[in-house]
Amino acid sequence: MKAPKSTLPPDFYQRVFELVRTIPRGRVTTYGHIARTLGLKSSARLVGYALTLSNQMGFDVPAHRVVNRQGLLTGKMHFGGPEVMADLLRAEGIEIENDQVQDFKRLLWDPASP
DNA sequence: ACGTTGACCTATA
DNA sequence: GTATAGGCCAACG
1182 MKAPKSTLPP
1192 DFYQRVFELV
1202 RTIPRGRVTT
1212 YGHIARTLGL
1222 KSSARLVGYA
1232 LTLSNQMGFD
1242 VPAHRVVNRQ
1252 GLLTGKMHFG
1262 GPEVMADLLR
1272 AEGIEIENDQ
1282 VQDFKRLLWD
1292 PASP
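Here you go:
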């Protein structure tokens, strides 16, 4: 059977964009969940890198809805401003305190479990 | 070509 | 519950 376990699919970036776009407004998810959904159980860093490219390229991807496992806005510095990410999340009704999502576990949204 | 960096995660103590 | 260490893979210098 086929199982050429490619380390990284060529459509990996596009895959991440599509999945992030499915995140509902007012909800957040983590890099690990996205990586697992795409099959990259270990390589959540690649997910972050993909989102970085999306921001640099100006893709319409709500990357501000993606945070790390702790619910911390680790990539706030890549949004062109340290307060941009927090402001975007606040605009969606999410409370941010010290670059950290409040009620993170409650707002957490699983891409494979809507 | 080699070494380092990076929007991370899981496991162990 | 927190703290530390290791792994993971791709892109950049």
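The first sequence finishes on residue 1295 if you use our numbering, and the numbering steps up by one all the way, no holes.
Beta carbons: idealized from backbone N, C-alpha and C, even for Gly.
Please read these numbers as outputs of a predicted model, since none were measured by experiment.
Is residue i helix, strand or coil when you go by DSSP?
{"i": "residue 1228", "result": "helix"}
{"i": "residue 1210", "result": "strand"}
{"i": "residue 1276", "result": "coil"}
{"i": "residue 1189", "result": "coil"}
{"i": "residue 1197", "result": "helix"}
{"i": "residue 1242", "result": "coil"}
{"i": "residue 1281", "result": "strand"}
{"i": "residue 1221", "result": "coil"}
{"i": "residue 1270", "result": "helix"}
Which one of the options has the shortest CA to CA distance from residue i?
{"i": "residue 1256", "options": "1190, 1211, 1192, 1241", "result": "1211"}
{"i": "residue 1253", "options": "1235, 1285, 1236", "result": "1285"}
{"i": "residue 1229", "options": "1263, 1215, 1270", "result": "1215"}
{"i": "residue 1241", "options": "1195, 1279, 1268, 1249", "result": "1195"}
{"i": "residue 1270", "options": "1248, 1261, 1259", "result": "1248"}
Answer with buried or exposed for residue i, where buried requires no fewer than 16 other C-beta atoms within 10 angstroms of its C-beta.
{"i": "residue 1276", "result": "exposed"}
{"i": "residue 1266", "result": "buried"}
{"i": "residue 1243", "result": "buried"}
{"i": "residue 1293", "result": "exposed"}
Excluding five sequence neighbours on each side, which residues of the same chain lie with their C-beta closer than 7 Å to the C-beta of residue i?
{"i": "residue 1222", "result": "1216"}
{"i": "residue 1290", "result": "1204, 1205, 1208, 1209, 1210"}
{"i": "residue 1198", "result": "1235, 1240, 1242"}
In the DSSP assignment, the alpha helix (DSSP H) including residue i goes from what residue to what residue?
{"i": "residue 1288", "result": "1285–1288"}
Who are the near neighbours of residue i in its chain, counting only those whose CB is closer than 6 Å to its CB and skipping five residues on each side?
{"i": "residue 1219", "result": "1196"}
{"i": "residue 1274", "result": "1207"}
{"i": "residue 1251", "result": "none"}
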